[in-house]
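Residue numbers (this note's numbering), protein chains in the order written: chain A, 1 to 94; chain B, 95 to 188. Heads up: the structure comes next, in structure tokens.
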DNA sequence: ATAAATGTGTACTATATACGACATATGACA
DNA sequence: TGTCATATGTCGTATATAGTACACATTTAT
């Protein structure tokens with residue numbers, strides 16, 4: 001724990017409290033460093049911390065109406081429908 | 095201005111500073127009330143305030159990997175490609 | 001000309017965020 | 001049984017957030 005704490009640049013005592021949910025989740029930057037250190041997906045850890053990456057937020061903010069509509073549309077869609085859209089766009093010819 | 099301020103529940107002096115960009119943008123709640131009062135799209139005003147609605151964030155946080163991938167895929171997509179996806183999903187048979 | 005309405009500047013505040021410092025307690029293991 | 005790492009408790013603090021309070025100058029209407 002001390003090693004992880006040192007590598008991500010926080011105090012061991014703080015990390016301990018974070019793990020036990022004793023304190024509010026860390027900042028986005030710290031959460032991302034922790035994710036990398038643990039080999040976890042940053043977006044998933046951020047979600048656990050009740051946050052959404054600033055990078056994604058920026059993308060949304062550039063075209064708020066389009067992305068707001070899209071996300072609300074997909075709110076109840078099953079996982080595989082969203083996956084299909086991702087693939088369509090990736091391989092798509094736009 | 096005093097009337098709008100009163101209707102959305104803030105001090106006129108504060109609204110004046112907000113308009114002039116003299117202070118940081120208001121909270122999400124206040125921004126949404128202002129949007130309604132002005133007949134504007136809340137998501138657009140929130141974007142101007144450098145924010146993304148908590149509702150959208152919650153949707154993303156429930157399935158972080160899917161939505162993170164999707165949004166990053168669409169980062170450079172032209173508007174009409176996104177629109178097409180929105181319509182596809184809306185009318186879609188999933 | 002003057003009373004009312006309007007916008008703005010200055011100062012202040014309460015709560016939350018994101019930790020650090022340090023003392024101490026606990027548990028496993030050699 | 002001593003010691004090492006980890007766990008927990010208490011306190012402190014700098015920065016950000018989201019405004020309020022009030023005085024004041026200017027404009028507008030009559």
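C-beta atoms are modelled at their ideal positions from N, C-alpha and C, and glycine is treated no differently.
If you draw a straight line from the C-alpha of residue i to the C-alpha of residue j, how long is it?
i	j	result
residue 124 of chain B	residue 11 of chain A	37 Å
residue 89 of chain A	residue 17 of chain A	42 Å
residue 71 of chain A	residue 40 of chain A	24 Å
residue 181 of chain B	residue 3 of chain A	50 Å
residue 21 of chain A	residue 185 of chain B	43 Å
residue 95 of chain B	residue 83 of chain A	47 Å
residue 150 of chain B	residue 56 of chain A	11 Å
residue 15 of chain A	residue 6 of chain A	10 Å
residue 77 of chain A	residue 170 of chain B	23 Å
Since I believe residue j is in contact with residue i (beta carbons under 8 Å), could you give me their beta-carbon distance rounded to a whole number of angstroms?
i	j	result
residue 61 of chain A	residue 146 of chain B	6 Å
residue 37 of chain A	residue 59 of chain A	Residue 37 of chain A to residue 59 of chain A, Cβ: 26 Å. No contact.
residue 66 of chain A	residue 163 of chain B	Actually they do not touch by this definition, with Cβ atoms about 17 Å apart.
residue 43 of chain A	residue 158 of chain B	4 Å
Let me see if you follow: with CB-CB separation under 8 Å, is residue i close to chain B or not?
i	result
residue 47 of chain A	yes
residue 90 of chain A	yes
residue 15 of chain A	no
Within a Cβ cutoff of 8 Å, which residues of the same chain sit near residue i, ignoring the five residues on either side of it in sequence?
i	result
residue 46 of chain A	28, 31, 32, 35, 52, 53
residue 25 of chain A	18, 31, 48, 49, 50, 51
residue 81 of chain A	74
Would residue i count as contacting chain A if we go by Cβ distances under 8 Å?
i	result
residue 177 of chain B	yes
residue 173 of chain B	yes
residue 115 of chain B	no
residue 112 of chain B	no
residue 151 of chain B	yes
Anything in the stretch 154 to 171 of chain B with a Cβ closer than 9 Å to a Cβ of chain A? List those residues in chain order, please.
154, 155, 156, 157, 158, 159, 160, 161, 162, 163, 164, 165, 166, 167, 168, 169, 171
What residues from the stretch 28 to 39 of chain A come within 9 Å of chain B, judged by C-beta to C-beta, listed N to C?
none
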